[in-house]
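Presented below is the structure to which this report refers.
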Amino acid sequence: MLTDSANVFNSQSFPDFELFKQSYSHVDSEKPAIISRGKQYQYRQLFSDILLFRSTYFNNQNLNGERVAYLCPSSYEYVIAQWSIWCSNGIAVPLCTIHPPAEIKYTLNDSQASIVIVHKSFADFFAPILESFPNLKYIEMDDFQEDPNPVIPKITFEPIDKDNGALILYTSGTTGNPKGVVITYRNLENQIGCLIKAWEWTSEDKILHTLPLHHTHGIINILTCPLWSGATCEMIPKFDASKVWSLWIDESNNYTLFMAVPTIYGIYNI
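When we follow my numbering, the leftmost residue of the sequence shown carries the number 27, and every step to the right adds one.
Okay, structure coming up:
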């Protein structure tokens, strides 16, 4: 078992997290896992890029539950950031892309984040925030290019304590400051498994992702469920009613599922 005393991961190993195992079972598929910015990223590239990111920025270190915040658009890079944190035994703390600096600072402080991953598109926005956190390790993330011939990485899985924290999500804070909610690996496995059964997800599905990625609905329901199932998730940077409608009515996109919130359904009078 990968314990807190084990300081380094094997360069080809992942934690024994069911999401990773189920997703990895689809690396032979020619279907894209993620469509982002018009580019298609297959499952085999997803796992190769996670290993590359972990090696480059975390040196394959076991983060032992360190909180790692990340500020990324809804894109392939978001998945790489989040899964690289989990792949390193860290706790992922997603930051909202439209929150003002004060709320970003609050989340960084309250979660006790020691590392932050910032996509290059938010670098200028984040620079003055970083000045308030001299001890925060800063990682600036660039775009990943589509690999037309990705190699299938030979991955092994190391057992972990699934009652450890995997994710911290912040509530809306309607009665005060937002509260951080710790979600364990076991919580995630059970929730994803139940949703896949209820919605009857299969590898033939394709979904358009239109929701924020700092809440459960966007992260669990619309991102991890398809990636567990070997399906395809198409991600757009932000919700735009006319663009989403144009994509949805284009039959060539072959979407099989759509999930949103009442505000979005109201726009379309659904």
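Using N, Cα and C, we set each Cβ at its ideal position, and we do this for glycine too.
Can you find the residues in the same chain that come closer than 6 Å, C-beta to C-beta, to residue i, ignoring five residues on each side of it along the sequence?
i: Ser62; result: Ser101, Tyr102, Met261
i: Leu72; result: Ala59
i: His240; result: Pro120, Cys122
i: Phe265; result: Thr236
Where do the N-terminal and C-terminal ends of the beta strand (DSSP E) with residue i fall, by residue?
i: Ala95; result: 93-97
i: Ala192; result: 191-196
i: Pro120; result: 117-120
i: Phe21; result: Nothing can be reported for residue 21: it is not among the residues displayed for the chain, which extend from 27 to 296.
i: Leu45; result: Unbroken run through Leu45 is the alpha helix (DSSP H), 44-50; no beta strand (DSSP E).
i: Glu56; result: First-last for Glu56: undefined, no H or E at that position.
i: Lys258; result: Per the sequence presented here, residue 258 reads as Thr, with Lys not at that position. From DSSP, the beta strand (DSSP E) with Thr258 extends over 258-261.
Given residue i, which residues of its chain have a CB within under 7 Å of its CB, disregarding the five upstream and five downstream residues?
i: Asn247; result: Leu221, Met285
i: Gly206; result: Asp136, Ser137, Ile194, Tyr196
i: Ser74; result: Pro176, Val177, Pro179
i: Ala192; result: Trp112, Ile117, Ala118, Ile209, Thr210, Tyr211, Leu214
i: Tyr67; result: Pro58, Ala59, Ile60, Tyr102, Glu172
To the nearest angstrom, how far is it from the Cα of residue i to the Cα of residue j?
i: Pro41; j: Asn115; result: 7 Å
i: Gln138; j: Arg93; result: 7 Å
i: Asn213; j: Gln48; result: 16 Å
i: Ile178; j: Ser51; result: 11 Å
i: Val34; j: Ile141; result: 17 Å
i: Ser305; j: Phe79; result: As displayed, the chain neither begins before 27 nor continues past 296, which places residue 305 out of reach and without an answer.
i: Phe152; j: Glu172; result: 27 Å
i: Cys259; j: Glu215; result: 19 Å
i: Ser162; j: Leu89; result: Per the sequence presented here, residue 162 reads as Leu, with Ser not at that position. Taking the straight line joining both Cα atoms gives about 14 Å.
i: Leu28; j: Ser81; result: Its pLDDT being 45, under 50, Leu28 is placed unreliably by the model, and the measurement read from it follows with that caveat. Distance between the alpha carbons of Leu28 and Ser81 is about 17 Å.
i: Ile275; j: Asp54; result: 30 Å
i: Gln217; j: Asp150; result: 36 Å
i: Pro263; j: His145; result: 12 Å
i: Lys223; j: Ala257; result: 14 Å
Which same chain residues, not among the five before or five after residue i, have their C-beta less than 8 Å away from its C-beta?
i: Tyr294; result: Ala267, Trp271
i: Val287; result: Leu237, His243
i: Leu154; result: The amino acid occupying residue 154 in the given sequence is Pro; Leu does not appear at that position. Hits under 8 Å: Pro127.
i: Gln38; result: Leu77, Pro179, Lys180, Ile181, Thr182
i: Thr250; result: Leu45, Leu214, Ile218
Please report the Cβ distance between residue i and residue j, rounded to the nearest whole angstrom; I am assuming they are in contact, meaning their Cβ atoms lie under 8 Å.
i: Tyr96; j: Ala118; result: 7 Å
Return yes when the C-beta of residue i is under 7 Å from any heavy atom of the ligand SAM, and no when it is not.
i: Pro127; result: As presented, the structure is devoid of all ligands, the ligand SAM included, so that no description of it is given.
From which residue to which residue does the alpha helix (DSSP H) around residue i run?
i: Ile13; result: The requested residue 13 does not occur in the structure, where the chain is confined to residues 27 to 296.
i: Ser268; result: 267-275
i: Ile130; result: 127-137
Checklist entry - Unbroken beta strand (DSSP E) runs of length 3 or more, entirely within the segment 156-212: which are they? => result 163-167, 182-184, 191-196, 206-210
Item to check | Secondary structure, beta strand (DSSP E): runs of 3+ residues fully inside the segment 66-112 | outcome: 93-97
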